[in-house]
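Undergrad: The following block contains the structure, expressed as structure tokens.
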Amino acid sequence: MNLLYFAWVRQKIGKSEEQLAPPVSDVGALIGHLKNLGPNYADAFADLSRIRVAVNQRHAGLDAKIGPQDEVAFFPPVTGG
Amino acid sequence: MQTRIRIQREDFDLNKEVADLTTDGETGAVSSFTGHVRREGDLSTLTLEHYPHMTEAEITRLVAEAGTRWPLTGVTVIHRVGSLRPGDRIVLVAVASQHRHAAFQACEFLMDYLKTHAPFWKEEARGEQHHWVEHRHSDDDAAKRWES
């Protein structure tokens, strides 16, 4: 699974991208898995109301199904324009 | 409908972009919006980050949605990334149609959705301090009014 992090999520975790093979099948479970990887992850995902998700480059919810071939991105609410 | 979507570090030329939308011979109206970096306090730079590929894909979806709602002849969306300064242009949405009503409405629709859906993030630098701009709930409200 290819994971991408943007903006302050990237800064808190300390990397912009990584490959993991977590034993999960939806986004919510993936976040639970990531929060156990270290305090940097726990900090980034401390408040899920401030986290947005995309699966394969489409906005998705915490209940979205994911598999080993998917690209999952985490980022704050967008602020472009 | 001719669609141009560009994510770039360079500035853009509004006159050229509007001219490029009017070469088809059927366009009767072009409505455009240009967003600039506001001069606020001691803001020195505004750095824009985005999610390459998803940004283009998301804007493409928004333009396609606009095309189902209004009869458009062309749409150009340009969004700058990288380091910008107060007064700099950030974004251009230009919409062409045969008549003004569709061009006005679709331009506003696209800006409202771009603000809430396109994966860009702004980081402000004020002196030595850097902080990420917070999402505005008023932007969500602006986008929601198109749902009814």
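Chains A and B, in that order, are what the protein sequence lines are.
For the first sequence, my numbering begins at 1 and goes up steadily by one.
For the second sequence, my numbering begins at 82 and goes up steadily by one.
Ideal Cβ placement from N, Cα and C applies to all residues, glycine included.
Please check the pair Val158/B and Val174/B, which I expect to be a contact at CB under 8 Å, by giving their CB distance rounded to whole angstroms.
TA: Their Cβ separation, rounded to whole angstroms, is 5 Å, which keeps Val158/B and Val174/B in contact under 8 Å.
Undergrad: Which whole-angstrom value is the C-beta distance of Thr197/B and Asp169/B, which I expect to be below 8 Å?
TA: That pair is no contact at about 22 Å.
Undergrad: Which whole-angstrom value describes the C-beta separation of Ala199/B and Ser112/B, a residue pair presumed to lie in contact below a C-beta threshold of 8 Å?
TA: Contact doesn't hold; Cβ gap of about 19 Å is too wide.
Undergrad: Within 7 Å of any Cβ in chain A, is that where the Cβ of Lys203/B sits?
TA: Taking Cβ atoms only, chain A reaches closer than 7 Å to Lys203/B, which makes this a yes.
Undergrad: Using the Cβ count rule (16 or more neighbours within 10 Å means buried), how would you classify Lys37/A?
TA: Position check: residue 37/A holds Leu in this sequence, whereas Lys was assumed. So Leu37/A counts as exposed.
Undergrad: Hey, is His182/B's beta-carbon within less than 7 Å of any beta-carbon in chain A?
TA: So no, His182/B is outside the interface.
Undergrad: Looking at C-alpha atoms only, which residue of Met135/B, Trp151/B, Leu165/B and Leu127/B is the closest neighbour of Phe190/B?
TA: Per the Cα distances, Trp151/B.
Undergrad: Can you tell which of Leu95/B, Phe93/B, Ala147/B and Ala110/B has its C-alpha closest to the C-alpha of Glu228/B?
TA: Minimum Cα distance to Glu228/B is reached at Ala147/B.
Undergrad: Enumerate, from N- to C-terminal direction, the unbroken beta strand (DSSP E) stretches of 3 or more residues contained entirely within the segment 86-139 of chain B.
TA: Counting whole runs of 3 or more residues, the segment 86-139 of chain B contains the beta strand (DSSP E) stretches 110-117 and 124-131.
Undergrad: So Gln57/A contacts chain B; which residues on that side make the cut at Cβ distance below 7 Å?
TA: Simply His134, Met135 and Ala138.
Undergrad: Is the Cβ-Cβ distance between Thr154/B and Thr104/B less than 7 Å?
TA: No, Cβ-Cβ distance for Thr154/B and Thr104/B is not below 7 Å.
Undergrad: Three Cβ pairs or more, each shorter than 8 Å: is that satisfied between the segment 200-214 of chain B and the segment 116-128 of chain B?
TA: Touching, yes.
Undergrad: Tell me the rounded alpha-carbon separation between Val144/B and Val156/B.
TA: Their backbone Cα atoms lie some 7 Å apart in a straight line.
Undergrad: Are the CB atoms of Val172/B and Gly116/B nearer to each other than 7 Å?
TA: Result yes, Cβ atoms of Val172/B and Gly116/B sit closer than 7 Å.
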